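S.K.:
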Amino acid sequence: MALITLRILDGADRGRIFEDLPTPVTIGREDGNSIQLNDERISRFHLKIQEDGNKLVLTDLESTNGTKVNGEDTQLRILRFGDVISLGRSVLLFGSKSQISNRLEELRRSTQGESATLGLEDLLKTNGEEKRDWDEELETRSSVNSLTPPALPEGLSPGQAAQVAELIGFVHIRLRDLINAARVTEDGQDVMLQSQEWQTLLELQARLAQYLRGIGEPAS
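Just so we're aligned, residue -1 is where the sequence shown starts under this note's numbering, counting upward by one.
Following this line, the structure appears as structure tokens:
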């Protein structure tokens, strides 16, 4: 069972720390939640964080005002240490200082071409050693999880794998066509798309948004 730490960065409960909470964890304004927040803009049972395999997954529980992770509206999201969760007027930082430091070190090694395959159990081990000044960690937390792309899902059936491949292929072809249609200015400072290609890009974003909503809110 994973143990997680959440720290309140902003809101009425700012400064509170919830350490080593066993999953699943629920957050809301009512009694019965693992974390009860004093925030009238969050729902009674707003979100849940649970362990699935070797991952920690955040699920918005059909809250009234929604949930954001790193500034993006989210229904379903794999969490990584350093993620910033916003709900109502409250802002939470996911992970302890050591966990986020380990995550940064893992990303640093991977960008340097070294082996970095820390799993969830490794990252959950806190040794109290700070690898970098914490003020610097806070300044970089917004980008801590944007350095590497997410991994492909594992354990898919052949049919599910084919669906994922078809989806990625669809996006790849659309982006390839748009890149080929782009024109770079002579000074190399700007890239231009015609209105039709720009609308195609917006349509692709809209379709991906529909896919994300469909995954987060599957039809019953």
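Note that CB positions come from ideal geometry on N, CA and C, so glycine has one too.
The structure displayed is predicted, hence computed values, not measured ones.
Considering only C-alpha positions, which residue in the set E17, L35, T57 and G51 is nearest to L45?
M.R.: With distances taken between Cα atoms, L45 lies closest to T57.
S.K.: Note down the Cα distance separating R14 from N36, rounded to an integer number of angstroms.
M.R.: About 12 Å.
S.K.: Could you tell me whether the segment 180 to 200 touches the segment 152 to 161, where touching means 3 or more Cβ pairs closer than 8 Å?
M.R.: Touching, no.
S.K.: Would you list the residues sitting across from Q34 in a DSSP beta bridge?
M.R.: Bridge partners of Q34: G26.
S.K.: Figure out for me which residue from T65, G51, T21 and F43 has the closest Cα to the Cα of N31.
M.R.: Answer by Cα proximity: F43.
S.K.: With DSSP run on the structure shown, which of helix, strand or coil describes P156?
M.R.: In the structure shown, P156 sits in a helix (DSSP, three-state: H, G or I).
S.K.: Is there a Cβ from chain D that is less than 8 Å from the Cβ of L210?
M.R.: In the structure shown, chain D does not exist; there is a single protein chain.
S.K.: For I6, I'd like the list of residues in its chain whose CB is within less than 7 Å of its CB, leaving aside the five on either flank, ordered along the chain.
M.R.: Closer than 7 Å at Cβ, skipping near neighbours: R12, G13, R14, S88 and L90.
S.K.: Can you grab the Cα-Cα spacing for the pair E70 / P156, in whole Å?
M.R.: Roughly 31 Å between the two C-alpha positions.
S.K.: Kindly indicate the opening and closing residues of the beta strand (DSSP E) around E17.
M.R.: Run containing E17: I15 to P20, per the beta strand (DSSP E) assignment.
S.K.: Just the Cα atoms here: how many angstroms apart are S113 and L77?
M.R.: In this prediction, S113 scores a pLDDT of 48, lower than 50, which makes its location untrustworthy; the coordinate-derived value is nonetheless stated afterwards. The straight-line gap from Cα to Cα measures roughly 22 Å.
S.K.: Quick check on S88: does DSSP put it in helix, strand or coil?
M.R.: Strand, per DSSP.
S.K.: Check T183 in the structure and name its three-state DSSP category.
M.R.: If DSSP states are grouped into helix, strand and coil, T183 belongs with coil.
S.K.: Since K95 sits in a beta bridge, which residues does DSSP pair it with?
M.R.: For K95, which the question treats as bridged, DSSP gives no partner whatsoever.
S.K.: When burial is assigned at 16 or more other CB atoms within 10 Å of the CB, is R27 buried or exposed?
M.R.: Its Cβ being crowded by 16 or more others within 10 Å, R27 is buried.
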